[in-house]
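Structure first, commentary second.
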Amino acid sequence: MFRDLDTRRYGKPSWTRPKGTGVAILAVMLALPAAPSSAVAAPSLEYAIKAAYLYKLAAFVNWPPSSFESASSPLRICVIGDDPFKTVLDQAVNGVSVAGRPVQISRYDAAQPNMACQIAYVAGSPAQSRADALKALKGAPVLTVTDQGRGADPAGEEGVVNFVLTDNRVRFDIDQHQAVEDHLALSGKLLSLAVEVRR
Amino acid sequence: MTSGRPSPLLDFIPFQRGWEPIRVVAFASAVLLVAAGLGLTGYSAQLERTDRAAQAEAQARILAASVSGDLAFDDEHGARDYLNALLVNPAIEAAAVYDSGGRLFAQSTRPDQTAPAEGLTQRTVFDGAHLIVAEPVAQSGVALGTVYLRTAVEPAGRRLARYAGVALLAALAALVIFVLTAAHGALSRANQSLEDRAADLAAANEALTREMEERAKAEEALRQGQKMEALGKLTGGVAHDFNNLLMVASGGLEMLDRTENPERRRKLRDGIREAVDRGARLTRQLLAFSRRSPLNAVAVDLGQRLDAIRMLLDQSLREDISVRIVRPPDLWPVEIDPGEFDVALLNIAVNARDAMPRGGEIRITARNLPAVEEDGLSGDFVELTVTDQGEGIAPEVVAQVFEPFFTTKAVGQGTGLGLSQVYGFVRSSGGRASIASELGKGATVTLLFPRAVGLQPRAETATARPIQPLPEGKDRRILLVDDDDSVATAVGAMLEELGYRVVRAIDAESALTRLQQDRGFDIVLSDMVMPGEMGGIDLAREIARRHKGLPVVLSTGYSDAAAIALRERVRLLAKPYRLETLAMELDAAVAENDQKRDGSE
Chain A
935 MFRDLDTRRY GKPSWTRPKG TGVAILAVML ALPAAPSSAV AAPSLEYAIK
985 AAYLYKLAAF VNWPPSSFES ASSPLRICVI GDDPFKTVLD QAVNGVSVAG
1035 RPVQISRYDA AQPNMACQIA YVAGSPAQSR ADALKALKGA PVLTVTDQGR
1085 GADPAGEEGV VNFVLTDNRV RFDIDQHQAV EDHLALSGKL LSLAVEVRR
Chain B
3 MTSGRPSPLL DFIPFQRGWE PIRVVAFASA VLLVAAGLGL TGYSAQLERT
53 DRAAQAEAQA RILAASVSGD LAFDDEHGAR DYLNALLVNP AIEAAAVYDS
103 GGRLFAQSTR PDQTAPAEGL TQRTVFDGAH LIVAEPVAQS GVALGTVYLR
153 TAVEPAGRRL ARYAGVALLA ALAALVIFVL TAAHGALSRA NQSLEDRAAD
203 LAAANEALTR EMEERAKAEE ALRQGQKMEA LGKLTGGVAH DFNNLLMVAS
253 GGLEMLDRTE NPERRRKLRD GIREAVDRGA RLTRQLLAFS RRSPLNAVAV
303 DLGQRLDAIR MLLDQSLRED ISVRIVRPPD LWPVEIDPGE FDVALLNIAV
353 NARDAMPRGG EIRITARNLP AVEEDGLSGD FVELTVTDQG EGIAPEVVAQ
403 VFEPFFTTKA VGQGTGLGLS QVYGFVRSSG GRASIASELG KGATVTLLFP
453 RAVGLQPRAE TATARPIQPL PEGKDRRILL VDDDDSVATA VGAMLEELGY
503 RVVRAIDAES ALTRLQQDRG FDIVLSDMVM PGEMGGIDLA REIARRHKGL
553 PVVLSTGYSD AAAIALRERV RLLAKPYRLE TLAMELDAAV AENDQKRDGS
603 E
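Going down the list, the sequences are from chains A and B.
With the working numbering, letter number 76 in the first sequence gets 1010, and the count goes up by one each step, no holes.
With the working numbering, letter number 410 in the second sequence gets 412, and the count goes up by one each step, no holes.
Put into structure tokens, the structure is as follows:
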């Protein structure tokens, strides 16, 4: 079993499908205290889960110290483009702190190269496509998150973490290569949970 | 066991008196050891629980860290893999993960075991045989839920086995202590019995010593009794003899008044004289014989002694028994108590007499035996044999005749102590006594006495020395002190005959008064035993103190008093004394005194 874990963590480079099947099914019902107990049935529930995942992702990522103004600076989650979460994201992070930092939500229409964000949920908007926004954030120590799994984006741009729906459950793939480019250290636990990891 | 035991509980350890403290200490040690064993067991059990708790907590923390990702991103299978992995540890009964809302997320349990439906807050509790640990799951400070672990603390069998092991060790140690203390007790008991035996031996020795002392006293008393018995036997004969002597004296005196024939008067005087001499010798022997004194060994010429006690024997034996003494003139002196010797010889003679109911001869032979080397004796000895012509002694009783109270005589005729006195006396004198006999051929008692080396026997008696003419009184003034008028008259006449001028005092006090008033006396002659505070010895001392240079001569009829006088270095005249003895003693006293005075001037 631990050998399986090792294999998942230190699996072959490039896009690899983990051998283990332990992560195949995610129990969506566990995502939020208020979440319904069944699988994803409505967009609002899906995004409630994704909202919770957003701040939980922060717990498994290490940013370079320079990305924070100070030791007590908040962890900023930016929603760039059309906001699919509405209030559930604000509700989800209410009172939550990650590594001692309060979590703050900011919303932007477009991405800027030097945005003070640690996590950027890139949805795209009429003003700036998702691909452009991702391009704008490349190289910056920002964990980019999208709703588009690998190959889903026509322009081929992807975030570091991309939510996918598999068997009606919210899961994600990870572009480890991009994470390294962006000076982000992703926890092995997180990698092991990814549907796919691009090395 | 002992009285005053501390506790009947301890009786199984055998101990002697005096070992109570050790027994108590041993028991306390054993109890302490068992208590320490139990305490140690409890402590190790406590340590074990603490360790177990720490272990379980660590496992719970590892689980919490491992499942944080699975819990955060709802990977129930991943979490269950971790939980299943935990169950490899046989102690773990149930493991579960709960989300931040407390809902069961994943669980893995042994058959028949379940995890609680709701998550628990952080804690570590022992619940009977279970240890329950709940740990929060958090990642970077984000609370994700809790994990739950329930482990069996320790299988009861194993715990019991371990306790039993410790208890067994403690019991073994206690047993060792008991065995050692018991061994110690046995050792001390052995020592005690050894000491007891030594004490018994000492007590036995003491008893023996005491017995010996008592026996010595008893023997002394018996010897004295024997002496008195012999004296009693003598008494009849002595009285008879004295009457004869008195008859000779009184008859002779009467005849002196009735005859003028000088030849006849001389014969009468000689007869009286002889009777008086015999009487004097007889009383002296009797006094010596009856004197109560311990064995007082002095150098004695046996030959002279034999001659001296011949009359004693004559008095004790019948007329149909004759005594013959054979002795060389150069017999060596021996160191013996003369009184005891007399009694011993008398005892042998009496036995010989009784063995010869029809009369016969007792032959006493003395001779020197140079360089004897036999039966533990060595050196020069003087042998004395007493042989009778009696019935002899049966061979089977010969060996017994020296034993106390052995007698062949009828009850009331003898004590059986006679020959035992002989034996005891000879042995204590360093010699040997033996008896040889054949039935019908008489018996011979042989006594061996060691030769006295370097001692000269003193003259037995100051017998009359034929010195003529008598030393004159030369008109000296003499103070005669005597309470007895007749003695004073007789002695006064003797003194005047010798040429002394006599003044008489009736006691010591008047004598001193007289001497105080009249300093013209040349010599004092005093009786030793007188009424009043002072006796002759006291008077002599007082005169020596007040009138230095005035010679004093004492006279007495008691042998005990004579010994005192000799000790006081006072000249002594033994009553009765003859004229020449008196003349010489007085003259010698004056001469000695003059010599002393001349020497001092």
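Virtual Cβ for every residue (Gly too), placed ideally from N, Cα, C.
Limits of the unbroken beta strand (DSSP E) element including residue i
i: HIS132 of chain B; result: 132-141
i: THR558 of chain B; result: 554-558
i: PRO397 of chain B; result: That residue, PRO397 of chain B, is in no beta strand (DSSP E); its alpha helix (DSSP H) goes 397-400.
i: ASN370 of chain B; result: 362-376
i: ILE94 of chain B; result: 94-101
i: GLN109 of chain B; result: 106-111
i: ARG1103 of chain A; result: 1103-1109
i: ALA154 of chain B; result: 144-154
i: LEU574 of chain B; result: 573-576
i: ALA454 of chain B; result: Looking at the DSSP string, ALA454 of chain B is not in any beta strand (DSSP E), and its letter there is neither H nor E.
Residues that residue i contacts on chain B, provided the C-beta gap is smaller than 9 Å
i: LYS1135 of chain A; result: There is no way to answer for residue 1135 of chain A, as the model of chain A reaches only from 935 to 1133.
i: PHE1097 of chain A; result: Under the 9 Å cutoff, chain B gives no residues; its nearest Cβ is about 11 Å from PHE1097 of chain A.
i: LYS1072 of chain A; result: The contacting residues do not exist; LYS1072 of chain A stays about 25 Å from chain B at best.
Span of the alpha helix (DSSP H) around residue i
i: ASP83 of chain B; result: 78-88
i: GLY305 of chain B; result: 304-310
i: PHE343 of chain B; result: 340-357
i: SER431 of chain B; result: Careful: SER431 of chain B lies outside any alpha helix (DSSP H) and carries neither H nor E.
i: SER528 of chain B; result: Per DSSP, SER528 of chain B belongs to no alpha helix (DSSP H); it is in the beta strand (DSSP E), 525-529.
i: ALA542 of chain B; result: 538-548
i: ALA1089 of chain A; result: First-last for ALA1089 of chain A: undefined, no H or E at that position.
i: GLU385 of chain B; result: From DSSP, GLU385 of chain B is part of no alpha helix (DSSP H) but of the beta strand (DSSP E) over 379-389.
i: THR515 of chain B; result: 510-519
i: ASP114 of chain B; result: Careful: ASP114 of chain B lies outside any alpha helix (DSSP H) and carries neither H nor E.
i: SER1001 of chain A; result: Taken as a continuous stretch (DSSP letters only), SER1001 of chain A belongs to no alpha helix (DSSP H), as it is neither H nor E.
i: ALA1128 of chain A; result: Where ALA1128 of chain A is concerned, there is no enclosing alpha helix (DSSP H), given that its DSSP letter is neither H nor E.
Under 7 Å between C-beta atoms of residue i and residue j
i: GLY394 of chain B; j: LEU441 of chain B; result: yes
i: GLY254 of chain B; j: GLY281 of chain B; result: no
i: GLN109 of chain B; j: ALA93 of chain B; result: no
i: VAL995 of chain A; j: LEU1077 of chain A; result: yes
i: THR148 of chain B; j: ALA58 of chain B; result: no
i: LEU34 of chain B; j: ALA172 of chain B; result: no
i: ALA513 of chain B; j: VAL555 of chain B; result: no
i: PHE451 of chain B; j: VAL572 of chain B; result: no
i: ALA241 of chain B; j: ALA277 of chain B; result: no
i: ILE1039 of chain A; j: ASP1024 of chain A; result: yes
i: VAL504 of chain B; j: GLU498 of chain B; result: yes
i: ALA136 of chain B; j: ARG125 of chain B; result: yes
i: GLN1082 of chain A; j: ASN1096 of chain A; result: yes
i: VAL1022 of chain A; j: TYR989 of chain A; result: no
Beta-carbon separation (whole angstroms), residue i vs residue j, contact threshold 8 Å
i: TYR981 of chain A; j: PHE75 of chain B; result: 16 Å between Cβ atoms; not a contact.
i: ILE323 of chain B; j: GLY361 of chain B; result: 6 Å
i: VAL1114 of chain A; j: GLY1093 of chain A; result: VAL1114 of chain A to GLY1093 of chain A, Cβ: 14 Å. No contact.
i: VAL384 of chain B; j: ARG453 of chain B; result: 6 Å
i: ASP390 of chain B; j: ALA354 of chain B; result: 4 Å
i: PRO473 of chain B; j: ALA585 of chain B; result: 5 Å
i: LEU122 of chain B; j: TYR150 of chain B; result: 6 Å
i: PRO1036 of chain A; j: PRO1075 of chain A; result: Incorrect: roughly 19 Å between the Cβ atoms, too far for contact.
i: PRO340 of chain B; j: VAL302 of chain B; result: 5 Å
i: SER422 of chain B; j: PHE404 of chain B; result: 6 Å
i: PHE523 of chain B; j: LEU552 of chain B; result: 7 Å
Contacts that residue i makes with chain A (C-beta to C-beta distance below 8 Å)
i: GLY71 of chain B; result: PHE994, SER1121, LYS1123, LEU1124, SER1126, LEU1127
Closer than 7 Å at the beta carbon, the chain B residues around residue i
i: ALA1033 of chain A; result: SER142, GLY143
i: VAL1030 of chain A; result: VAL144
i: TYR987 of chain A; result: PHE75
i: LYS1020 of chain A; result: Those within 7 Å of LYS1020 of chain A in chain B number zero; the least Cβ separation is about 22 Å.
Contact set between residue i and chain B, taken where Cβ atoms lie within less than 8 Å
i: LYS990 of chain A; result: ALA74, PHE75, GLN141, VAL144, LEU146
Which ranges does the beta strand (DSSP E) cover as unbroken runs of at least 3 residues, wholly within the stretch 1017-1084 of chain A, from first to last along the chain?
Complete beta strand (DSSP E) runs here, min 3: 1035-1042, 1053-1058, 1077-1080.
What ranges does the alpha helix (DSSP H) occupy inside the stretch 469-501 of chain B, keeping only unbroken runs of at least 4 residues that lie completely in it?
487-499
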